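> No gaps in the numbering here: position 43 of the sequence shown is 52 in the working numbering, and each next residue is one more.
Beta carbons: idealized from backbone N, C-alpha and C, even for Gly.
None of these values were measured; they are calculated from a predicted model.
Pasting a structure below so you can have a look.
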Amino acid sequence: MRTCRTSAFLKPASDKTKYIEDAIYYRDQFYFVDSSGALFVCELNDLHHDPPKAVLVAPSPCSTIEHAYDYDKVFHLVELLSGELLLAKKLRKYTKNELYIYTVGFSTYKMNPLVELKWMEVHNLCGDTVYLDKYSSLSLMGSQFPECNPNCIYFIETGYFYVDGWSEITVHNDDDESGSRPYYVGVSK
Numbered sequence: 010m011r012t013c014r015t016s017a018f019l020k021p022a023s024d025k026t027k028y029i030e031d032a033i034y035y036r037d038q039f040y041f042v043d044s045s046g047a048l049f050v051c052e053l054n055d056l057h058h059d060p061p062k063a064v065l066v067a068p069s070p071c072s073t074i075e076h077a078y079d080y081d082k083v084f085h086l087v088e089l090l091s092g093e094l095l096l097a098k099k100l101r102k103y104t105k106n107e108l109y110i111y112t113v114g115f116s117t118y119k120m121n122p123l124v125e126l127k128w129m130e131v132h133n134l135c136g137d138t139v140y141l142d143k144y145s146s147l148s149l150m151g152s153q154f155p156e157c158n159p160n161c162i163y164f165i166e167t168g169y170f171y172v173d174g175w176s177e178i179t180v181h182n183d184d185d186e187s188g189s190r191p192y193y194v195g196v197s198k
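In structure tokens:
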């Protein structure tokens, strides 16, 4: 049996719980993105007197459904080598029988919270190669790894519900209009 681990927060005087999609320690602060794509910073002032606070840094860059494959929103945060913060939103699609969801691409946005608190859509990662999976993210200089393509997002999908144990590494290239393509498909043991 597999379990889902979820983090959330509830603001005082609010009846809505916000679920945390991803978190990152970035420039000496904890940032996290909620299930709508809004970016928050966790203020940890004097923990002996004040509880931690979630402060909105930037609203979601995706306030409307912007793509035919915008069924559910899955977000990842990663620090690029330039020091900017990247928000990668998975674009996912159901199979015809709705037994499986697969990723067809990404929408990518970046910002520098110290300069401007606004997401800017980007179609180029400035030579970075980004690796994402459910629990981690990493950005490397693509030119230092000839086996990998610069300006690409490599991500790992793992089957949970209908196909037990399969995994797939897929590459997404914003420079290439063909979308995402499998890099490796196999069964994890």
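1. Report the residue ranges of all beta strand (DSSP E) runs contained in full by the segment 112 to 156; include only those spanning at least 3 residues, in chain order.
2. Under the assumption that Leu-100 contacts Val-113 (Cβ atoms under 8 Å), give the Cβ distance between them as a whole number of angstroms.
3. Between the beta-carbon of His-45 and the beta-carbon of Lys-82, is there less than 9 Å?
4. Given a cut-off of 9 Å on the beta-carbon distance, is the pair Met-120 and Leu-48 in contact?
5. Report the three-state DSSP secondary structure of Leu-65 (helix, strand or coil).
6. What residue from Ser-146, Gly-92, Thr-117, Ile-162 has the CA that sits closest to Ser-69's CA?
7. What does DSSP give as the partner residue(s) for Leu-48 in the beta ladder?
8. Can you have a look at Ser-148 and say buried or exposed, based on whether 16 or more other CB atoms are within 10 angstroms of its CB?
Put simply:
1. 125 to 131, 137 to 141, 146 to 150
2. Translated into the one-based positions of the sequence shown, residue 100 becomes position 91. Translated into the one-based positions of the sequence shown, residue 113 becomes position 104. Contact holds; Cβ gap of about 5 Å.
3. By 1-based counting over the sequence shown, the position of residue 45 is 36. By 1-based counting over the sequence shown, the position of residue 82 is 73. Note that residue 45 is Ser in the sequence shown here, rather than His. Yes, they are a contact pair.
4. Taking the sequence shown and counting its residues from 1, one reaches residue 120 at position 111. Taking the sequence shown and counting its residues from 1, one reaches residue 48 at position 39. Result yes, Cβ atoms of Met-120 and Leu-48 sit closer than 9 Å.
5. Counting from one through the sequence shown, the residue named residue 65 turns up at place 56. Looking at Leu-65 - three-state DSSP - the assignment turns out to be strand.
6. On the sequence shown, position 60 is the one that residue 69 refers to. Comparing Cα-Cα distances from Ser-69 to each of Ser-146, Gly-92, Thr-117, Ile-162, the minimum goes to Thr-117.
7. The count along the sequence shown starts at 1 and reaches residue 48 at position 39. DSSP, once it has assigned bridges, lists Val-42, Ala-67 as partnering Leu-48.
8. Within the sequence shown, the letter at position 139 stands for residue 148. The residue is buried, with at least 16 neighbouring Cβ atoms inside 10 Å.
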